[in-house]
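To keep things clear, I will list the structure first and then write my remarks on it.
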Amino acid sequence: MSGAGITSTIKHKLSVYLNKPENDSLAQTVIAQVRSKSFDDFTKFTQIIGLKNDNHARDIYDIIQDSKDDEGVSEPKRVAISSKKPTLSLSPGEEDDFDGFVNPNIKVRSKSNTPQTKFKRLKKEDTDRLKETPPASELESELNGPSNINNQQTSLHRSEVKSQSSWKTSIPNQTVPKSSNEGTGGYFNSSGEYVDFDHAPGNDFNRIPIISQVLIPPFLDSVKEHLTLQISGTSIRGAGPTVDPVKDSTSELASMAKQGSLVVQSKKAKQERAKQAKEKTGIATTAKGNDIEEEQEESEQGTDFAAIQKQRKSLPAYAVKDDVVSTIRDNQVTIIIGETGSGKTTQLAQFLYEQGLASTKGGERKIIGCTQPRRVAAMSVAKRVSEEMQVKLGEEVGYSVRFDDKTSQEKTVVKYMTEGILLREILADSTLSEYSCIIIDEAHERSLNTDILLGLFKGLLAKRRDLKLIVTSATMNADRFTRFFGAAPQFTIPGRTFPVDIYFNKNATMDYVETAVKQILSIHLSKGSNDGGTFVNDGDILVFMTGQEDIEITCELLREKLEMLENPPPLEILPIYSTMPQELQKRIFNKSSKSKRKVVVATNIAETSLTVDGIKYVIDCGLVKVKVYNPKLGMDTLQVVPISFANAEQRSGRAGRTGAGVAYRLYTERATDPHSMYQQPIPEIQRTNLSNTMLLLKSLNVQDINKFPFLDGPPKDLLNCSLYDLWAMGALDNFGELTNLGRDMIQFPIEPTLSKLILLSVQFRCSEDILTIVAMLSVSNIFQRSKERAKEADSARERFLVAESDHLTLLNVYTQWETNMNKFGNSWNRINEWCDRNFLQYKSLYRAREIRRQLALIMQKRKLPFYRATNDDDIRRCLCAAFYHQSAKLVKMGVNGTPEFVNLRHNYMKMYLHPTSSLVNSNLSSNFVIYHDLILTSKEYMNYVTCVDPMWLLEYGFVFYSVPQTSRDKLVDGVGTNAREVFERQLEQDRRLYEEKNAKLHSTETRGSSTTSRKSLLFRKRKRL
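Residue numbering for the sequence shown follows this note's numbering, beginning at 1 and increasing consecutively.
Quick look at the structure:
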C-alpha cells in the first residue's frame, strides 16, 4: 500500500473509531507510533488520544503493519470508511416542526446524505457489525449518484431495531477530500487535547467557542450582585445562600465531614481497581454471587382488634384525650408538643373525629386532614389508623401522596397526605372549604413545604374562622410556632421515655466508620449476657450514618470482622436508607429474638420517621447529609454537614423508648459547643433552591414575595436566584409576572424543568416518549445492584444502555418492560421474573407507569396532543431545549480514558460522568452534553446525561450562550445569533418601560405622602383653634 493510501485508510479509521473529523496529521502520528513501538506501547498511546477500545487499536496496528509487506502492490486494500458527519445540519423533515418555535428567524440547513447508523450497546460482534460502512468505491458511487435518497433512520430506544418511515434528505455539493502524506504533525496541549497544524479550527463547529453571558431582566436589576458570581481563588461570593449549614468550618465535626471516611474511600478505590483489572484481562462479569433472599410479602391476616385497642389505650396521648380535644375546640390554633412514640400522629385525628369535629354545626361532612413530611409516613399511618377504626383503607380513612391517591370523595373523613399535596389543594381551593381541621405533623423538621404552609395559613385563618389548625412538634422549635401565631396555646403530651446515658469520645475521631464498627463489636461482645453458655440479647443497636455508601461499607466491614472471630454471638446486620427496596426495609421492624442481636445501620430517616422497637444502644457519627444550594454549581446538592444539638438529642433519645439506654457519640463533648454547633437545624427554606416554591407563590397571586409571612425568611440572594431561574426558563416575563408557560408548568406536580420538558415535547412531536422519560426520572432505583451480585447486575444493565443518552436508556428500559408486560398478558409472576433476571426494580417500574398515567391525564385535561417520536434526535433536541442551562463541554480525555468536562455557564468548574452513565466507555457523538442533576462527592458527577449538538444549545439557550463576533461568520445564516439579538432588543425595550412604570409609581407615592402630611398638619391647626 502506498504512503498516501495508508494515510487515507488510517485517517478514515480514526474518524469512525473516535467519532471526530478526519485528520491527516493525527493519522501520520499514529502511523509513526506503530512503526516505532510494540503493540503494548502503542495501546498506551491510543488511550491518550481517546481510543480506548483494544480491538480498534489492534485493527489499526495490524493494517499499518500489513502495509509494510504490501508496499509496491497496486491493488488497494478494502477497508471500512465513513464520511464525515456534518455537525451543523438539520433534516428538512424537521423544519416544519420548528417553524415559529423559539425564534422563527432561525434558518435550517439541509442534512448531508451520510448514512448514520445508531446502535445500542450490544454484544461485541453486533457492535462491530453495526459500525461497518460500505467500501470506499461504493461510497464514492453514492456521492456521485442522485441527489435524493431514502434514508432509514434507526431509533435507539426501541427494544428491537425497526425501520422507520422513509424521509428524504437533500445533499449539498460535496467533494471527497484528497489524502495527503505531507502532514506537518501536531501536539497534545496542556489540557490533553490533540492539536494538529493542518486542521483549520474554523472548519469544525466543536472548535467554535460557546461563551456564556449573564442577561438580567428589568425586575431584578437592583439585585445584580446576587446573580453574578465573584470568584477569587477558591472563594465564591454571590448567587448563593447567606446561611451556611456549617456553623464553624474549622470545628471537629466540620473537619470530619470534609475529610469523609478514609476506610470508605479505600474500599471504593480497591473495588474500582479490581473492576478495571477484570475488564482489562477480559474476565467474564457474569460470575454468580450470593443470591439475595427475597422475603415473601406476608398475606393479610385478620387483625386482632382487641390487641390494637389495648395498645392504643397504652399510648401517652390517650391518657389526655379529653383535655387535648377541649383545648383544640376552644382555640383556632393549637401547638401540640409530643415526642416520637407519644401517639400524637395516629391519635389526634381520631380524637377529633370521635368528638364530632369532622362536621359543621349544620351537619355537613368535612375532612380532618393531617400532613406528613414523608410519603412513606403518610401511607403507613393511614393504614394503621384504618385498622384502629376498623374501616377499609381508602374509604373513611385514606391517604394522598404525589401520584398515589387512596381516598373516597363520598366517604373519607380522615385524610393523611404529604405537605405538597395540601399545597396543591390550596392552589385549587384557596379556602380549603372541604376541611374542618388541619394537622401539620412533625413541624419541627422545618421542611420547605411546612414553612410555606404555615405562612399561607396565617392569611387563610382570617378568612375561615371555623377552620382549626393544629401544629405538632417535638420540644425543639415549639416556642417559635407559638410566637408566629400570636401566642397560640401549647399543649404538652407527657412523654414515655427512659433515662439515657450519653458517652462522648475522649479524642477527635480519625475515621467515623471504622470507629463505629469497633464500637458495635465492643457492645456486641461485651454487653450480651451468657445464661449457661448461651448468648442472651440485652438490646439492639441503632447506628446513624450519612448515606448509602457509608452504610453499606459499615455493614461490609462488620461482616468481615465477625468472620475473623471464632464462634461470635449471632448478629443480624440490617441497613436502612430511603432508596432501598421496601422488601428489605421491612426487615428492620422484625422483632429480634433473645438469642440473636440486631444492629440497624441507618440514615437520619430513623431519627423521627421510623420507630424501631427494642433499641437499647445508639451510635451517632454526628454527621448528616442534607440538601444545600451550591452557588458554585448553581443548583441543590447533597452535602455532608455536622448535625445540630437538637438532632444529637433526638438521636440519643431513640435509645430510651422501651427502657434505659446508652448513646455513644463518636465526637468529643467540645464539638457540641454552641460556637461550633447549631442549636437547631437550619430550615430547608434557608439552604435550598426555591424555584418551585416561587412558582407556586406566584400562582397563588402573591405579588410581592418579600412581604410573604415566612416563619424564617429565605436569604435575599437565594430568593432572587430562584426568581432568575424561573425567568431564564420562561416561567416569568421581564417584569416578574407569571407567563402562560409558567401557568401551564404549575399544573404538573413535578419540578419546573420537567414540567417545561413535557410542554416542549408537544412542539417537538415526542410527547409520548418524554412522558416516559419524566416518569422514569421521578422514581428512584430502576436498576438493582446488590454487592453480592454486582457483576451480574452490571452485565444485565449493559443490555439496555444507549451509548449517547442516559435519558434514552431509561426510555429503552421502560419500552422493553412494557413490551414484555403485553407479551406476558399482565402475568405478575412472569414479568417479575423478567425484572429479576434483568436486575430491574419491578416496583419502581410499576410506579413509573402510574406516574406516567397521571401525567398523561393532566395533558388530556389541558388538551395537549400525544406524539410518538419518529427518531431519537427529536427527543434529544427536546431535552436540550429544556436542560440547556445544565450543559457541559468535553475538554480532555484522561490517561485512563475518563472524559473531563467543564460547565458551559461556569467554565471554571470541572465535571465528570457518573460511573453508572451510559456514556462511560463509549465514543461520544458530540463534545457537548446536557445533564439532569449533579451528584457532589469527591468530584462533581453529572447524572442522567445526553449528548447534544452545540447548535441546539445556541438555538434554545440563547439566554445564556452565544459565540464571539469573530466566529459568527462561520455559522450558516446567523444560526444561533439572530434569536439572541431579537431577545436582547426586547429586553432593553422592556427595561425602559419598567423604569418608566417605577418612576410613575414613585411619583404617585410621593404625592400621596405629601397630601397625607398636609392633611395631618391642617388637622393639628384646627385642633389648636
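For glycine and all other residues, C-beta sits at the position ideal for the given N, C-alpha and C.
A quick note: this is a predicted structure, and the numbers were derived from the prediction, not measured.
For residue i, three-class secondary structure by DSSP
| i | result |
| --- | --- |
| T693 | helix |
| K591 | coil |
| G338 | coil |
| C947 | strand |
| G661 | strand |
| L14 | helix |
| L357 | coil |
| D620 | strand |
| M893 | strand |
| Y846 | helix |
| L253 | helix |
| T608 | helix |
| F901 | strand |
| Y512 | helix |
| G3 | helix |
| P1026 | Lying outside 1 to 1025, the shown extent of the chain, residue 1026 is not represented and no answer is given. |
| Q639 | strand |
| A803 | coil |
| S676 | coil |
| K627 | strand |
Burial state of residue i (16 or more Cβ within 10 Å)
| i | result |
| --- | --- |
| F748 | buried |
| W828 | exposed |
| L368 | The sequence given here has Ile at residue 368, not Leu. I368 is buried by the Cβ-count criterion. |
| H1031 | No information on residue 1031 is available, as it lies outside the stretch 1 to 1025 that the chain covers here. |
| Y908 | exposed |
| E792 | buried |
| F710 | buried |
| H56 | buried |
| M951 | buried |
| S756 | Just to set this straight, residue 756 is Lys in the shown sequence, not Ser. That one is buried. |
| E1033 | Nothing about residue 1033 can be reported from this structure: the residues present for the chain run from 1 to 1025 only. |
| Q65 | exposed |
Beta-carbon separation (whole angstroms), residue i vs residue j, contact threshold 8 Å
| i | j | result |
| --- | --- | --- |
| P489 | T608 | Rounded, the Cβ-Cβ distance is 24 Å, inconsistent with contact. |
| K415 | G398 | 6 Å |
| A655 | K616 | 6 Å |
| P575 | V601 | 5 Å |
| V385 | T346 | 6 Å |
| A671 | L253 | 5 Å |
| I210 | L954 | 7 Å |
| F504 | Y678 | About 18 Å; that fails the 8 Å criterion. |
| L456 | I426 | 6 Å |
| V263 | I553 | 7 Å |
Beta-carbon gap between residue i and residue j smaller than 9 Å
| i | j | result |
| --- | --- | --- |
| L919 | P899 | yes |
| V641 | V628 | yes |
| S1034 | M417 | Nothing can be reported for residue 1034: it is not among the residues displayed for the chain, which extend from 1 to 1025. |
| F544 | C437 | no |
| I541 | K463 | no |
| P245 | R687 | yes |
| I336 | L352 | no |
| E442 | T472 | yes |
| P217 | L718 | no |
| F958 | T753 | no |
| I421 | T371 | yes |
| N647 | K625 | no |
beta-carbon residue i near the ligand GTP non-hydrogen atom, thresh 8 Å
| i | result |
| --- | --- |
| D620 | In the structure on display, the ligand GTP does not appear, and there are no ligands present to speak of. |
Length at least 4, wholly inside the region 370-446: the alpha helix (DSSP H) runs in chain order: 375-388, 419-428
Which ranges would you report for the alpha helix (DSSP H) in the region 467-505 if only whole runs of at least 4 residues count? 478-484
4 or more residues per run - each alpha helix (DSSP H) lying fully within the region 706-739: Restricted to the region 706-739, the alpha helix (DSSP H) segments that are unbroken, complete and at least 4 residues in length are 716-728, listed in chain order.
Any alpha helix (DSSP H) of 4 or more consecutive residues that is wholly inside the region 528-566: 548-564
Any chance you could list the beta strand (DSSP E) runs of at least 3 consecutive residues sitting entirely within the region 906-945, in chain order? Every beta strand (DSSP E) stretch that sits fully inside the region 906-945 and reaches 3 residues is listed by chain position as 910-913, 928-936.
What are the uninterrupted segments assigned as alpha helix (DSSP H) that are 4 or more residues long and contained completely in the region 763-802, given in chain order? 767-777, 790-798
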